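Have a look at the structure below, then the notes.
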């Protein structure tokens, strides 16, 4: 296991706000400001953005887990930091708020656009932008005592940016209930809403997320990247356009080495040879139908006889 500390300083805690670890093909990003309930301070946002970009570009990383140290997963933006800075601004903090929200939105979109799957492992509370972070990740696992809320309405600040991610993961009525009432939702409610995938005993969220990440890591990284990118793109398209896009992508996917090897193994009723991430996108991809007739004597014989036996 390799551990790499984030580079952004955090004077409030005397150390970097984010801990990065490499566990084989899995990157684990741990929010590490427990004294501040792991809020998304400026330092935390910078550290997360850097770590997300690094993991997305690293060919050795196949999945990313976002976890947290302490009793809270993430309590949203750092209100103390925000009010301390804006108190002296001539414009009352408008430019500062705009920049901060833009940075947070960019970080969230980086997760969606990354070719790597992101899994949130939640213990404790995830509120406001912390709930947004959970909703933004591709998958989420919660300890059974985890709780979720978009409580901005309670202090006169509607959770408008968290709403974007929440409304894309939770049915309309449940999303509006969370946004308008500002009440805590239990882990059991969160899994019913579709905000999280699984609920596990307290303290087991990271272990379960790791198990899911290991399952993903054993599959073709090229296939995973194609699938994730197409999934989010087609969500924004009309039905006919979504099918056109998905059809085009599936044809390109079938031309990749990983698909040829995997489908060939399925047809031959043999196991795959293992992960093939480094064999994606060959310079001259061969059609799938031709590759299925190579490597097995019976297939070659069947091909010569028009696919017939005898």
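Numbering (the working numbering), first residue to last: 1337 to 1646.
Using N, Cα and C, we set each Cβ at its ideal position, and we do this for glycine too.
Computed from a prediction, not measured in an experiment: that's the story for all the values here.
Sequence-distant residues of the same chain with beta carbon closer than 6 Å to residue i, five excluded per side
i: residue 1641; result: Any reading at residue 1641 needs caution, since the residue's pLDDT is 41, under 50, leaving its predicted position unreliable; the model's value is listed next. Excluding positions up to five away in sequence, the list is empty.
i: residue 1373; result: 1408, 1411
i: residue 1474; result: 1453, 1454
i: residue 1351; result: none
i: residue 1623; result: Any reading at residue 1623 needs caution, since the residue's pLDDT is 43, under 50, leaving its predicted position unreliable; the model's value is listed next. Answer for residue 1623: no residue qualifies.
i: residue 1542; result: 1403, 1457
i: residue 1527; result: 1535
i: residue 1439; result: 1381
i: residue 1511; result: 1502, 1503
i: residue 1500; result: none
i: residue 1467; result: 1484, 1486, 1498
i: residue 1520; result: 1483, 1485
Proximal residues to residue i (C-beta, below 8 Å), its chain only, five neighbours per side dropped
i: residue 1507; result: 1529, 1530
i: residue 1539; result: 1459, 1479
i: residue 1434; result: none
i: residue 1573; result: 1581
i: residue 1451; result: 1392, 1557, 1560, 1561, 1564, 1565
Cutoff 8 Å: residue i Cβ touching any chain C Cβ
i: residue 1557; result: Structure shown: chain C not included; a single protein chain is present.
7 Å CB neighbourhood of residue i in its chain, flanking five on each side removed
i: residue 1570; result: 1578, 1581, 1582
i: residue 1522; result: 1483
i: residue 1614; result: Reliability of the predicted coordinates at residue 1614 is poor, the pLDDT of 41 falling under 50, and the value obtained from them is presented with this limitation in mind. Nothing listed; no residue qualifies.
i: residue 1619; result: Because residue 1619 sits at a pLDDT of 35, beneath the cut-off of 50, its placement in the model cannot be relied upon, and the following sentence gives the value as read from the coordinates. Closer than 7 Å at Cβ, skipping near neighbours: no residue.
i: residue 1553; result: 1361, 1362, 1398, 1399
One or two residues paired with residue i in a DSSP bridge
i: residue 1479; result: 1536
i: residue 1359; result: 1362
i: residue 1463; result: 1485
i: residue 1516; result: None, per the DSSP bridge assignment.
i: residue 1413; result: 1376
i: residue 1457; result: 1477
i: residue 1404; result: 1367
i: residue 1399; result: 1362
Boundaries of the alpha helix (DSSP H) in which residue i is found, first to last residue
i: residue 1473; result: No alpha helix (DSSP H) holds residue 1473; DSSP gives it neither H nor E.
i: residue 1578; result: 1575-1590
i: residue 1567; result: 1557-1571
i: residue 1545; result: 1541-1553
i: residue 1447; result: 1430-1449
Anticipated Cβ contact below 8 Å, residue i with residue j, distance rounded
i: residue 1518; j: residue 1472; result: 20 Å between Cβ atoms; not a contact.
i: residue 1443; j: residue 1381; result: 6 Å
i: residue 1498; j: residue 1464; result: 6 Å
i: residue 1532; j: residue 1489; result: About 22 Å separates the two Cβ atoms, so there is no contact after all.
Residue j beta carbon less than 8 Å from that of residue i
i: residue 1398; j: residue 1557; result: yes
i: residue 1544; j: residue 1461; result: no
i: residue 1370; j: residue 1406; result: yes
i: residue 1425; j: residue 1376; result: no
i: residue 1388; j: residue 1447; result: yes
i: residue 1378; j: residue 1430; result: no
The ligand ATP heavy atom lying under 7 Å from the CB of residue i
i: residue 1471; result: Only the bare structure without any ligand can be found here, which leaves the ligand ATP out of the picture.
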